[in-house]
Amino acid sequence: MAADQSGKIVRHHLIDRLYHWLMAIAVFILLGTAFLPIVGIKFQWIDIHWMTGVFLTLIVLVHIVRALFWQDWRSMLVTPSDIRDIASGARETLTGGAEAPKPAKYNGLQKFYHLAVALLLIAIIITGLLMMLKIDTPFWRRSPYWFTNYWWGIIYAFHGLAAMAMITMIIIHVYFASRPEEWYLTRSMFRGWITRKEYESHHDTGRWKP
Amino acid sequence: MELFRYSRSIYTRQTELIGASWDLLPWFAAAGVAFVLVHAVIMLLARRRKS
Chain H
0 MAADQSGKIV RHHLIDRLYH WLMAIAVFIL LGTAFLPIVG IKFQWIDIHW MTGVFLTLIV
60 LVHIVRALFW QDWRSMLVTP SDIRDIASGA RETLTGGAEA PKPAKYNGLQ KFYHLAVALL
120 LIAIIITGLL MMLKIDTPFW RRSPYWFTNY WWGIIYAFHG LAAMAMITMI IIHVYFASRP
180 EEWYLTRSMF RGWITRKEYE SHHDTGRWKP
Chain E
0 MELFRYSRSI YTRQTELIGA SWDLLPWFAA AGVAFVLVHA VIMLLARRRK S
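If you want it as structure tokens, here you go:
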């Protein structure tokens, strides 16, 4: 068990916390460089945008490899029991029904959130990398003839829609991170661990054995 | 409000899709804020019922 004598339960290793915060910084830079010029704050945004996009692509690749080979990627898969637990949680909240089961490391809503953000990021990264064909970089000269105008329009539309949807997801993420009942998770994204008391009161210790 | 941005090709004179409409930007932000407000109200009511 990843717990020391003081009862600290490791929830996020340093490399995972670094990934989370670097991704957050990169996403904020990307959204700022994408949308500030659109709302009227004009500046030279293209270079910092594509460089940050390449950086985000690289750390997402590192995260995927780490998740597949060094972490328990199954702990983030949405399962039928997660859907039952979400329904139980909704019943408990809305009607005062029986207490919903405690989750393993991640609850069903967190898994759905991760899935949604993962799909959006994949869409943004793939379309973003394709869009880089239209700009000069130190690595290649622009070559906009890979696709017809019809396909470029679709690529740009997907990139824009997924980027705007990220704003919705970030608002929701920051909201949940700031709710008092979630502070123990927010703290763990800074210091890496939760207390044994938090572990036992918020999680099914039979389903999550750190 | 447009969902997409279009331009007219100078060669074919046809209308071509060039991307998502930026008119949607405030709507995506508003969707996040609306989710937050609805959830916060539901949780507040649930807590009052329990106490």
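As you go down the protein sequences, you meet chains H and E in turn. Under numbering that gives the first Met the number 0, the residues of the first sequence are numbered 0 to 209, in order. Under numbering that gives the first Met the number 0, the residues of the second sequence are numbered 0 to 50, in order. Where is the CB? At the ideal position from N, CA and C, for every residue including glycine. Keep in mind it's a predicted model, so treat the numbers as computed, not measured.
Backbone secondary structure at residue i - three-state DSSP
i, result
"Ile40(H)", "coil"
"Glu180(H)", "helix"
"Thr194(H)", "strand"
"Ser6(E)", "strand"
"Glu199(H)", "helix"
"Gly18(E)", "strand"
"Ile134(H)", "coil"
"Lys110(H)", "helix"
"Lys208(H)", "coil"
"Met0(H)", "Confidence is the limiting factor: at Met0(H) the pLDDT is only 46, short of 50, which leaves the residue's position unreliable, though a coordinate-based value still follows. In the structure shown, Met0(H) sits in coil (DSSP, three-state: anything other than H, G, I, E or B)."
Environment of residue i [buried if 16+ CB atoms lie within 10 Å]
i, result
"Gly39(H)", "exposed"
"His143(H)", "Looking at the sequence itself, residue 143(H) is Pro, so the reference to His does not match. Pro143(H) comes out exposed."
"Tyr10(E)", "exposed"
"Glu7(E)", "Reading off the sequence, residue 7(E) comes out as Arg, not Glu. Exposed: under 16 other Cβ atoms inside 10 Å."
"Pro102(H)", "buried"
"Ile171(H)", "buried"
"Asp46(H)", "exposed"
"Met0(H)", "Low local confidence applies: a pLDDT of 46 at Met0(H) is under 50, so the model's placement there is unreliable, and no value is given."
"Val26(H)", "buried"
"Thr14(E)", "exposed"
"Gly159(H)", "buried"
"Thr126(H)", "buried"
"Leu17(H)", "exposed"
"Lys49(E)", "exposed"
"Ser177(H)", "exposed"
"Met42(E)", "exposed"
"Thr32(H)", "buried"
"Gly31(E)", "buried"
"Asp22(E)", "exposed"
Contact list for residue i against chain H, beta-carbon separation under 7 Å
i, result
"Val37(E)", "Near Val37(E) there are no residues of chain H at all, since even the closest Cβ is about 11 Å away, more than 7 Å."
"Ser50(E)", "Per Cβ cutoff of 7 Å: no residues; Ser50(E) is ~12 Å from chain H at best."
Within chain E, the residues that residue i reaches when beta carbons sit closer than 9 Å
i, result
"Met163(H)", "Ala19, Trp21, Leu23, Leu24, Trp26, Phe27 and Ala28"
"Phe34(H)", "Trp21 and Leu24"
"Gly95(H)", "Ala45, Arg48 and Lys49"
Contacts of residue i in chain H (Cβ-Cβ under 9 Å)
i, result
"Leu16(E)", "Asn148, Tyr149, Trp151, Gly152, Ile153, Tyr155 and Ala156"
Partners in chain E for residue i, counting only beta-carbon separations shorter than 8 Å
i, result
"Thr92(H)", "Ile41, Met42 and Ala45"
"Ile37(H)", "Trp21 and Leu24"
Amino acids of chain E, ordered along the chain, whose beta-carbon sits closer than 7 Å to that of residue i
i, result
"Gly159(H)", "Gly18 and Ala19"
Just by C-beta distance, which residues in the segment 167 to 190 of chain H are closer than 7 Å to chain B?
Given the protein chain composition of this structure (H and E), no chain B is represented.
Identify every run of the alpha helix (DSSP H) within the segment 71 to 107 of chain H, keeping only runs that are complete inside it and at least 4 residues long; order them along the chain.
79 to 94
Near-chain E residues of the segment 17 to 31 of chain H (beta-carbon distance less than 8 Å), N- to C-terminal order
none
Please list, in chain order, the residues of the segment 45 to 58 of chain H that have any C-beta partner in chain E closer than 7 Å.
none
In chain order, what residues of the segment 118 to 131 of chain H put their CB closer than 8 Å to some CB of chain E?
none
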